[in-house]
Amino acid sequence: MTAAFRISGPGGFICSIQPSSGAKLEELQAVVMRETGVPARGQRFYHGLTELQLGGDLAALCPAPGHDQVELLLVRRCTQVSAEDRLVYLQEIEHLQAHEVDDWLSSAAIDALYDREIVLALVGLSGHVLCQVPADVQVEREFILAAVQANGFALEYVSSELKADREVVLAAVEQNGLALIHAGQELRADRQLALAAVRQNAHALRYASPALRAHPDLLQAADPPFLHILSCRPIGLEVATEILVSADVDPTSWMGAAMGKLLLHTKDYYECLGGVVAQAAHLLL
Numbered sequence: 000m001t002a003a004f005r006i007s008g009p010g011g012f013i014c015s016i017q018p019s020s021g022a023k024l025e026e027l028q029a030v031v032m033r034e035t036g037v038p039a040r041g042q043r044f045y046h047g048l049t050e051l052q053l054g055g056d057l058a059a060l061c062p063a064p065g066h067d068q069v070e071l072l073l074v075r076r077c078t079q080v081s082a083e084d085r086l087v088y089l090q091e092i093e094h095l096q097a098h099e100v101d102d103w104l105s106s107a108a109i110d111a112l113y114d115r116e117i118v119l120a121l122v123g124l125s126g127h128v129l130c131q132v133p134a135d136v137q138v139e140r141e142f143i144l145a146a147v148q149a150n151g152f153a154l155e156y157v158s159s160e161l162k163a164d165r166e167v168v169l170a171a172v173e174q175n176g177l178a179l180i181h182a183g184q185e186l187r188a189d190r191q192l193a194l195a196a197v198r199q200n201a202h203a204l205r206y207a208s209p210a211l212r213a214h215p216d217l218l219q220a221a222d223p224p225f226l227h228i229l230s231c232r233p234i235g236l237e238v239a240t241e242i243l244v245s246a247d248v249d250p251t252s253w254m255g256a257a258m259g260k261l262l263l264h265t266k267d268y269y270e271c272l273g274g275v276v277a278q279a280a281h282l283l284l
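Under numbering that gives the first Met the number 0, the first residue of the sequence shown is numbered 0, with each subsequent residue one higher.
Here it is as structure tokens:
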């Protein structure tokens with residue numbers, strides 16, 4: 000049976016771990032990351048004066064005489080990025096596509112995830128980068144605010160507390176209205192927030208609370224008005240008719256666009272779209 004491990008840092012005791020039989024260093028790293036928030040790539044373990052290596056068999060380590068646990072020292076890797084390295088990283092990121100971010104991170108030095116400027120540049124490409132930054136950074140409100148300003152969809156990866164933060168959500172939906180889907184339930188029922196989201200992207204209307212989806216301010220926020228109807232079927236034919244009657248537009252201009260939209264949507268939209276076309280015909284008579 001593999002001995003238990005007592006892990007300490009320069010500041011004192013961190014945790015004790017009883018790894019499974021045949022466990023490797025990676026198992027310790029995963030546990031320590033849960034306990035401390037330090038990413039696995041930022042961890043260095045020492046047994047005495049020897050640094051443990053990835054893939055090493057923990058069963059080979061024995062407690063010191065008189066002890067029932069193996070004592071390990073955890074040291075965090077250097078997380079300071081030099082100005083020169085930061086410039087190189089940012090230049091590389093400029094040429095990345097969103098699907099290339101994970102591969103880039105796997106080859107980058109651990110310090111890249113501790114540099115806010117680098118992380119924000121990566122978040123602009125892929126919001127899920129927030130899952131990989133240190134835990135203390137993930138809850139730093141001002142940093143998260145900057146992150147959602149760079150990529151509204153990064154809101155998906157922030158804490159529940161920050162998803163309920165009105166300023167954070169507003170910044171997210173102003174960058175990408177569709178980020179409203181990741182807002183807390185109460186904020187999805189906030190008319191001003193929903194309005195900001197719909198103004199940025201009319202399709203965000205479908206993510207507002209049901210009570211807001213037929214609100215006149217939201218229905219009129221985008222141009223042309225048929226986009227609301229096509230993108231949010233729960234509005235229904237009655238509201239569709241109301242907005243078409245009140246909209247100050249020439250029906251000949253949007254009816255053709257609506258018919259073209261028909262080709263792009265599934266049959267779930269046909270009933271509502273049929274009502275739009277019928278109402279347009281009525282207005283033209």
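Just so you know, even glycine gets a beta-carbon here, dropped at the ideal spot from N, CA and C. All figures in this text were calculated on a predicted structure; none of them were measured in a lab.
Beta carbon of residue i nearer than 9 Å to that of residue j
i	j	result
Val-138	Leu-104	no
Ala-146	Leu-129	yes
Val-122	Ala-149	yes
Leu-73	Arg-43	yes
Arg-205	Arg-198	no
Ala-75	Val-37	It is Arg, not Ala, that sits at residue 75 in the sequence shown. For Arg-75 and Val-37, yes; Cβs fall inside 9 Å.
Ala-3	Gln-17	yes
Val-80	Tyr-45	no
Tyr-88	Ala-63	no
Ser-208	Gln-191	no
Leu-124	Ala-97	yes
Ala-210	Ala-203	no
Ala-120	Gly-151	no
First and last residue of the uninterrupted alpha helix (DSSP H) at residue i
i	result
Leu-48	Neither: Leu-48 is in no alpha helix (DSSP H) and is coded neither H nor E.
Arg-165	165-174
Ser-159	159-162
Val-100	100-106
Phe-142	140-149
Leu-89	82-93
Pro-215	215-218
Ala-196	190-199
Ala-29	24-35
Arg-212	Unbroken run through Arg-212: none, as it is neither H nor E.
Arg-187	184-187
Residue i, DSSP secondary structure in three states
i	result
Asp-56	strand
Cys-130	helix
Gly-65	coil
Gly-10	coil
Arg-5	strand
Leu-124	coil
Val-74	strand
Gln-42	strand
Gln-17	coil
Gly-235	Note that Gly-235 has pLDDT 49, beneath the 50 cutoff, so the model's placement of it is unreliable and no number is given.
Asp-135	helix
Leu-229	Model confidence at Leu-229 stands at a pLDDT of 46, short of 50, so the residue's coordinates are unreliable and nothing is read from them.
Asp-114	coil
Closest by C-alpha distance to residue i, when choosing among the options
i	options	result
Cys-14	Lys-23, Thr-35, Ser-20, Gln-42	Thr-35
His-127	Gln-184, Ala-111, Arg-140, Val-100	Val-100
Ala-59	Ala-39, Lys-23, Leu-72, Gly-65	Lys-23
His-181	Ile-6, Tyr-156, Gln-79	Tyr-156
Arg-140	Ala-120, Leu-192, Ser-125, Arg-115	Arg-115
Leu-144	Arg-165, Ser-125, Leu-124	Arg-165
Asp-189	Ala-201, Asn-200, His-214	His-214
Glu-70	Leu-154, Gly-47, Ala-134	Gly-47
Ser-20	Gly-65, Gly-55, Leu-186, Glu-93	Gly-55
6 Å Cβ shell around residue i - same chain, five flanking residues per side excluded
i	result
Gly-10	none
Val-118	Val-132
Glu-26	Pro-18
Gly-8	Leu-73
Leu-51	Leu-24, Phe-44
Leu-154	Val-147, Ala-171, Ala-178, His-181
Ala-39	Gln-28, Met-32
Beta-carbon proximity list for residue i, same chain, < 8 Å, skipping 5 on both sides
i	result
Ala-195	Leu-169, Val-172, Glu-173, Gly-176
Glu-91	Trp-103
Leu-53	Lys-23, Leu-24, Glu-25
Other residues of its chain near residue i: CB distance less than 7 Å, five sequence neighbours each side excluded
i	result
Leu-95	Trp-103, Leu-124
Gln-68	Ala-2, Ala-3, Phe-4, Arg-5, Ser-15, Pro-62
Arg-85	Asp-114, Glu-116, Ile-117
Phe-134	Sequence check: residue 134 is Ala here, not Phe. Contacts found: Gly-36.
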